[in-house]
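Just so it is clear: in the sequence shown, position 271 is 311 by my numbering, and no numbers are missing.
Ideal Cβ positions, reconstructed from N, Cα and C, are used throughout, including at glycine.
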Amino acid sequence: MTSKVSSSLTSSMTSFLCDLIRIRSVCGIHAERFVAERICVECQSLKLKYDLVSAPNEELRPNVIVTAGVYHCLFDKQNLSFNLYISGNGPSKFLFVGHMDTVNVEDETQWLFPPFAGMIDDKTQRLIGRGACDNKGGIVCALYTLYLLQQIINEQNLNISIQLACVVDEESGACSSIGVRYLLDRKLISGTGAIYVYPGTNVTIGHRGLLRLAIDVKGENVHTGSVEWNTKMKGANASTALARILIALEDYAWNKDKDPAFPDLTLTVTPGTINFCLYSLIHEYGNCIFLTLSSFDIYEIFK
Numbered sequence: 041m042t043s044k045v046s047s048s049l050t051s052s053m054t055s056f057l058c059d060l061i062r063i064r065s066v067c068g069i070h071a072e073r074f075v076a077e078r079i080c081v082e083c084q085s086l087k088l089k090y091d092l093v094s095a096p097n098e099e100l101r102p103n104v105i106v107t108a109g110v111y112h113c114l115f116d117k118q119n120l121s122f123n124l125y126i127s128g129n130g131p132s133k134f135l136f137v138g139h140m141d142t143v144n145v146e147d148e149t150q151w152l153f154p155p156f157a158g159m160i161d162d163k164t165q166r167l168i169g170r171g172a173c174d175n176k177g178g179i180v181c182a183l184y185t186l187y188l189l190q191q192i193i194n195e196q197n198l199n200i201s202i203q204l205a206c207v208v209d210e211e212s213g214a215c216s217s218i219g220v221r222y223l224l225d226r227k228l229i230s231g232t233g234a235i236y237v238y239p240g241t242n243v244t245i246g247h248r249g250l251l252r253l254a255i256d257v258k259g260e261n262v263h264t265g266s267v268e269w270n271t272k273m274k275g276a277n278a279s280t281a282l283a284r285i286l287i288a289l290e291d292y293a294w295n296k297d298k299d300p301a302f303p304d305l306t307l308t309v310t311p312g313t314i315n316f317c318l319y320s321l322i323h324e325y326g327n328c329i330f331l332t333l334s335s336f337d338i339y340e341i342f343k
């Protein structure tokens with residue numbers, strides 16, 4: 041029965057996802073407000089309870105919390121009517137999490153399909169666009185999952201609560217203080233279990249961690265046209281020193297866990313700035329995605 045119901049909703053889900061893709065929400069460029077509002081419209085259509093929650097001074101970047109739970113009846117004395125509402129106070133909670141922002145598109149002309157058009161390829165019948173997989177498609181699937189679960193909760197009168205958190209600012213590096221971290225710290229979302237709604241049919245148990253490095257390299261400031269620099273009497277090049285450090289990081293043989301779900305480690309380094317002057321201090325960031333089972337000594341890298 042559930043599969044038949046799900047099939048009948050395919051058209052609505054596809055239309056909803058097309059709308060989300062057409063709303064640009066590139067992290068660092070577009071606020072997620074309009075994506076959040078479109079999700080709220082869909083919640084209204086599906087009669088699901090939702091709340092918009094923003095961090096202080098971040099009203100244009102609201103998170104959306106959608107809840108499926110037990111219905112209660114409340115009498116409206118002013119209008120002399122009964123209203124149904126979802127309490128969301130059930131003891132057994134499960135949590136779905138998805139993010140509304142996307143990464144950027146460097147050159148839209150290089151795409152076979154416009155990245156923000158939300159188009160379906162006639163040959164493959166795949167919906168193509170920025171966010172179709174990461175992560176707006178997952179949000180659509182999770183929202184309609186809540187819709188189906190709400191029906192089961194109603195039919196069986198289950199006293200449970202299930203949430204979907206549609207969060208902001210994930211693509212900034214998964215360390216944002218205004219997205220899922222903000223909701224967790226204020227105990228607005230919780231669960232005895234959770235699924236991050238990335239694409240795919242495999243269930244992967246576990247999640248990589250993040251090691252963030254901040255490297256300061258101190259040199260000696262000098263103009264590169266001076267006699268002192270050209271005769272090597274003054275100046276210490278922080279740029280080349282930093283380059284050696286970054287190459288050492290890139291060449292370092294990380295200890296890899298023997299898990300097919302996480303076959304390799306990655307290191308991402310933000311670019312520096314090149315000018316015709318030696319800076320006395322250079323600050324660099326690096327991100328390395330690793331498993332909690334990995335262990336290493338950071339000092340070994342620079343031996």
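Integer-rounded CB distance, given that residue 137 should sit under 8 Å from residue 237: As a first step, residue 237 is located in the sequence shown; it is residue number 197 there, counting from the start. As a first step, residue 137 is located in the sequence shown; it is residue number 97 there, counting from the start. Contact flag correct, Cβ pair sits at about 7 Å.
Cβ separation of residue 76 and residue 92, assumed to be a contact under 8 Å, to the nearest whole Å: Here residue 76 refers to the residue found at position 36 when the sequence shown is read from its first residue. Here residue 92 refers to the residue found at position 52 when the sequence shown is read from its first residue. The C-beta distance from residue 76 to residue 92 rounds to 6 Å, short enough to meet the 8 Å contact threshold.
Residue 135 vs residue 219 beta-carbon contact at 9 Å: As a working note, residue 135 is residue 95 in the sequence shown. As a working note, residue 219 is residue 179 in the sequence shown. Contact: no.
Contacting residues, own chain, Cβ-Cβ under 7 Å from residue 284 (five flanking each side not counted): As a position in the sequence shown, residue 284 is number 244, starting the count at 1. Beyond the five residues adjoining it in sequence on each side, residue 284 comes within less than 7 Å, by CB distance, of no other residue in the same chain.
Cβ contact check for the stretch 201-216 and the stretch 95-108: 3 or more pairs under 8 Å: The stretch 201-216 vs the stretch 95-108: in contact.
Beta-carbon proximity check, residue 103 vs residue 186, cutoff 9 Å: In the sequence shown, the residue the question calls residue 103 occupies position 63. In the sequence shown, the residue the question calls residue 186 occupies position 146. Taking 9 Å as the cut-off, the beta carbon of residue 103 is found no closer than this to the beta carbon of residue 186.
Where residue 159 sits in the DSSP three-state scheme: On the sequence shown, residue 159 is found 119 positions in, with the first residue counted as 1. Residue state, collapsed to three classes: strand.
DSSP state of residue 215 mapped onto helix, strand, coil: Numbered from its first residue, the sequence shown carries residue 215 at position 175. If DSSP states are grouped into helix, strand and coil, residue 215 belongs with coil.
Chain B contact for residue 246 (CB, 9 Å cutoff): Judged by its chain identifiers, the structure shown contains no chain B, having just a single protein chain.
Under the three-state DSSP convention, the category residue 181 falls into: Taking the first residue of the sequence shown as position 1, residue 181 is located at position 141. Residue 181 falls in the helix class under three-state DSSP.
Exposure label - residue 48; buried when at least 16 CB within 10 Å: Here residue 48 is taken as the residue at index 8 of the sequence shown, counted from 1. Residue 48 counts as exposed, since fewer than 16 other beta carbons sit within 10 angstroms of its beta carbon.
Alpha carbon of residue 177 to alpha carbon of residue 275, nearest angstrom: In the sequence shown, counting from the first residue as 1, residue 177 sits at position 137. In the sequence shown, counting from the first residue as 1, residue 275 sits at position 235. Distance between the alpha carbons of residue 177 and residue 275 is about 53 Å.
Where the alpha helix (DSSP H) through residue 225 begins and ends: On the sequence shown, position 185 is the one that residue 225 refers to. 220-225 is the extent of the alpha helix (DSSP H) around residue 225.
For residue 189, the nearest candidate out of 89, 249 and 79 (CA to CA): By 1-based counting over the sequence shown, the position of residue 189 is 149. Closest in alpha carbon position to residue 189, among 89, 249 and 79, is 89.
Coil, strand or helix - residue 260 by DSSP: Counting from 1 along the sequence shown, the entry for residue 260 is found at position 220. Correct three-state label for residue 260: strand.
Coarse secondary structure for residue 52, derived from DSSP in three states: As a position in the sequence shown, residue 52 is number 12, starting the count at 1. Helix, per DSSP.
Delimiting residues of the beta strand (DSSP E) encompassing residue 103: The residue you call residue 103 lines up with position 63 of the sequence shown. Here the beta strand (DSSP E) through residue 103 covers 103-109.
Continuous alpha helix (DSSP H) stretch holding residue 279: start and end: Translated into the one-based positions of the sequence shown, residue 279 becomes position 239. Residue range 278-291 is occupied by the alpha helix (DSSP H) that includes residue 279.
Between the CA atoms of residue 208 and residue 192 - distance to the nearest angstrom: Position 152 of the sequence shown, counted from the start, is the residue given in the question as residue 192. Position 168 of the sequence shown, counted from the start, is the residue given in the question as residue 208. Between residue 192 and residue 208, the alpha-carbon positions lie close to 29 Å from each other.
Alpha carbon of residue 295 to alpha carbon of residue 98, nearest angstrom: If you number the sequence shown from 1, residue 295 lands on position 255. If you number the sequence shown from 1, residue 98 lands on position 58. Between residue 295 and residue 98, the C-alpha separation is close to 40 Å.
Cβ neighbours of residue 52 in the same chain (closer than 7 Å, five flanking residues each side left out): On the sequence shown, position 12 is the one that residue 52 refers to. If we look at residue 52 and ignore the five residues flanking it on each side, it has no Cβ neighbours.
Where residue 313 sits in the DSSP three-state scheme: Your numbering for residue 313 matches position 273 in the sequence shown. Summary for residue 313: the model assigns pLDDT 42, below 50, so the residue's position carries little reliability; its value from the coordinates is reported in the next sentence. Three-state DSSP puts residue 313 in coil, outside helix and strand.
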